[in-house]
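Protein chains in written order, with the numbering used here: chain Y, 2 to 265; chain L, -4 to 351.
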Amino acid sequence: MDRQLLIVSTLCFLAAIGRTIISLRAGIFRPGQFNFLAIGLGFIFQTAFLSIRGHALGRCPLTNLFEVFIFLAWSVALIYMLVGPAYRLSLMGAFTAPLVVLLQGFALIAPIDIRHPVKLPANSWLEFHASISLVAYGAFALACIAGVMYLVQERQLKTHQLHSIFSHLPPLTDLFAAITRLLWWGFALYTLGLVSGFFVGQPLPYVQVVCAFGVWLLYAVILQGRHLRRLAPKHVAALCIVGFSAALALLWGITFTAQIQSLP
Amino acid sequence: MNLFCVGLSHHTADVGTRERFAGHAETDCILRGAGCTEALLLTTCNRVEVYAASEKRVSTDEIARCLVRNIENDRSEYAPPFYRYEDEKCVQHLFRVASGLDSMVVGESEILGQVKKAYESARASGVAGPRLHRLFQRAFRVAKQVRTHTEITRGSVSVGSVAVDLAQRIFGQLSSCKVLVLGAGETSERTARALVSRGVTDLRVTNRSTDRAQELARLVGGRAVRFDEWLQQCREIDILITSTSSETALLTPESLAPMLRNRVDRPLFIIDTAVPRDVDPSVNEMHGVYLYDIDSLQSVAEQSLALRRQQITAAEAIIAEHVADFQEKISWGLNHASRTPEHPSVADSSLRASEL
């Protein structure tokens, strides 16, 4: 039942992508209400899935890689719903939906939904640490998407080749402001998640701690570079993509290691 | 009932011919006298067209005689290149005209306002009756649908509007942008005016001749700055418009780099309308600098036009659908009307102003 909800949710996001592709092929690229509604519906089904799974587990549904990917996709959709309309970035939906489909599609296809043989005890600090970190990842993902949009817009302006998508992308300065805000939000949440990790009452693997601090440091450098005006906006946008890729690799590593360790 | 359109446009006649047939105030009434039961004259700088309904066939020559400015003219003097569309073709032509597909600049939206104005005028003078009312109301709907469902009006197609559009793509709101106009060329003046109309308030003008700078500053609502200060101004400004007659490049990466040191996160948009160019093209390679010369602005305008042309097929499909539907409704209406004992006359038909 819960997986069916997830399939329906993925179909909603796919509908948003399909609509975008059809518009692009017709040479008409209008963000409009459809994308936002499709993503909103997809988000509701994601929430329903996480709620049912959480209820069954008796804790936050972050016990395996499958659930982590779904939670991450949910965080991305959540941050989009919060910042998309607020910063006039409705077009971000066209970029957000493919990322969510990629995460959910992979989670649904890959054999990673491995249930633990024994019910894991609830640990509120661990759950807080994991969930807040994933919401931070959602903000970083959106910063990455805004970074892609910035680079697309910047390239078009530099090369003087303006495509149909050009007039629907937000202005460069607005995009850069959105990237900065998303980075700050993500960084604050990630810091909170990182600090709360020390209160989980379990010994933390050394490699994971070092990698997590590495990601934190990378974002700190990006923000400092931006603050001191040492980094050009184009570089900040590119580093957002690098940063999120690194964060995603770390997330994979942490969850994968934890799964191996929990196997009998 | 015969519904037809007779006219000439930029496709078939030069401006000299068109102006000889540009309508005058009483043309509508004259058309009525020529045997049309309903008539509407559409006159723009690119076309002179008559849309009319008649019980019997009214010849193109009769229409032409009504349109010519001086009726006493020797008839042999003109062999006007008039086109004529009847019934379905007439409906299709009007829908194309109202949607901007028949315009010189494809997709321009000014024509819709002109068609509405022509209709309002004909309605007010009582020469447009229920047939033209239905036809034009549908034409307005079609034009709206074409604009909403296609990209036919997308993008700017003149150099000045392209520059303003690009500035908005970079900065969003232009009200907080600082603009420097270097030189006093005609294109840069037009661009500066367009920027002011979009909200720019901080406009600085400089020129080798201080008098000319002050004059231009007064004209565009800016302030004049000394010519030897223009490079220093690049530390503050967001948009630079250049059009001097300098034979060599005034701005190079070497001279601009020190000015950009403290503005790494603020883009600089340079519009170089001078020939030969005032700005070294390699300036465009610098981070945060977007350089457009006259050719690249022209190229963007061409791209917009090409994009609009790509939309013609989609727009034609919408129009074809409406033409078929309109014809079907008209024939149904005629059949229905033939069974009705009393036909409403033009004077009886109530045409609501709100439908305009």
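All residues carry an ideal CB built from backbone N, CA and C; glycine is no exception.
Just so we're clear, the structure is a prediction, and the values are computed from it rather than from any experiment.
{"Check": "Test: Gln163/L CB closer than 8 angstroms to a CB of chain Y", "Outcome": "yes"}
{"Check": "Simplified DSSP assignment, three categories, for Gly2/L", "Outcome": "strand"}
{"Check": "Contacts that Arg13/L makes with chain Y (C-beta to C-beta distance below 7 angstroms)", "Outcome": "Simply none; closest approach about 33 angstroms."}
{"Check": "Within 9 angstroms of chain Y by C-beta, residues of the region 298 to 327 of chain L in sequence order", "Outcome": "Gln298, Ser299, Leu302, Gln305, Gln306 and Ala309"}
{"Check": "Per-residue contacts from Ser291/L into chain Y (C-beta, under 8 angstroms)", "Outcome": "His161"}
{"Check": "Three-state class that DSSP yields for Asn(-3)/L in the structure shown", "Outcome": "strand"}
{"Check": "Chain Y contact residues for Gly95/L, given Cβ-Cβ distances below 8 angstroms", "Outcome": "In chain order: nothing, as chain Y lies at least about 16 angstroms away."}
{"Check": "Identity of the residue in Gln5/Y, Arg231/Y and Thr11/Y nearest Leu103/Y by Cα", "Outcome": "Thr11/Y"}
{"Check": "Residues that Val295/L contacts on chain Y, provided the C-beta gap is smaller than 8 angstroms", "Outcome": "His161 and Leu163"}
{"Check": "Rounded C-alpha distance that separates Phe177/Y from Ile146/Y", "Outcome": "12 angstroms"}
{"Check": "Option in Leu158/Y, Ala221/Y, Pro112/Y and Arg116/Y with minimal Cα separation from Leu286/L", "Outcome": "Leu158/Y"}
{"Check": "DSSP three-state assignment for Lys173/L, whether helix, strand or coil", "Outcome": "strand"}
{"Check": "Rounded Cβ spacing between Thr148/L and Gly102/L (contact assumed at less than 8 angstroms)", "Outcome": "5 angstroms"}
{"Check": "Glu33/L - partner residues in DSSP beta bridges", "Outcome": "Ala48/L"}
{"Check": "Under 8 angstroms between C-beta atoms of Val91/L and Ile325/L", "Outcome": "Before going on, a small fix: residue 91/L reads as Arg here, not Val. Taking 8 angstroms as the Cβ cut-off, Arg91/L and Ile325/L do not qualify as a contacting pair."}
{"Check": "Inter-stretch contact at 8 angstroms, needing at least 3 Cβ pairs: the region 220 to 231 of chain Y / the region 243 to 261 of chain L", "Outcome": "yes"}
{"Check": "Chain-order list of residues whose beta-carbon lies under 6 angstroms from that of Gly226/Y (same chain, five-residue window excluded)", "Outcome": "Leu232"}
{"Check": "Where the beta strand (DSSP E) through Glu210/L begins and ends", "Outcome": "Looking at the DSSP string, Glu210/L is not in any beta strand (DSSP E); the run it does join, the alpha helix (DSSP H), is Thr205 to Val215."}
{"Check": "Cut-off 6 angstroms between Cβ atoms - residues of its own chain near Leu152/Y, not counting five sequence neighbours on either side", "Outcome": "Ala238"}
{"Check": "Spatial distance of Val353/L from Val295/L (CA atoms)", "Outcome": "A question about residue 353/L goes unanswered here, because the residues of chain L that appear run from -4 up to 351."}
{"Check": "Under 7 angstroms by beta carbon: chain L residues contacting Arg230/Y", "Outcome": "Val259 and Asp260"}
{"Check": "Under 7 angstroms from the C-beta of Gly167/L: neighbouring residues of chain Y", "Outcome": "Pro172, Thr174 and Asp175"}
{"Check": "Leu66/Y in three-state terms, based on DSSP", "Outcome": "helix"}
{"Check": "Backbone secondary structure at Leu130/L - three-state DSSP", "Outcome": "helix"}
{"Check": "Arg304/L versus Glu44/L, Arg272/L, Ser94/L and Arg60/L, residue with shortest Cα-Cα distance", "Outcome": "Ser94/L"}
{"Check": "Buried or exposed (CB count within 10 angstroms, at least 16 for buried), His56/Y", "Outcome": "exposed"}
{"Check": "Leu263/L in three-state terms, based on DSSP", "Outcome": "strand"}
{"Check": "Within chain Y, the residues that Asn279/L reaches when beta carbons sit closer than 8 angstroms", "Outcome": "Lys159"}
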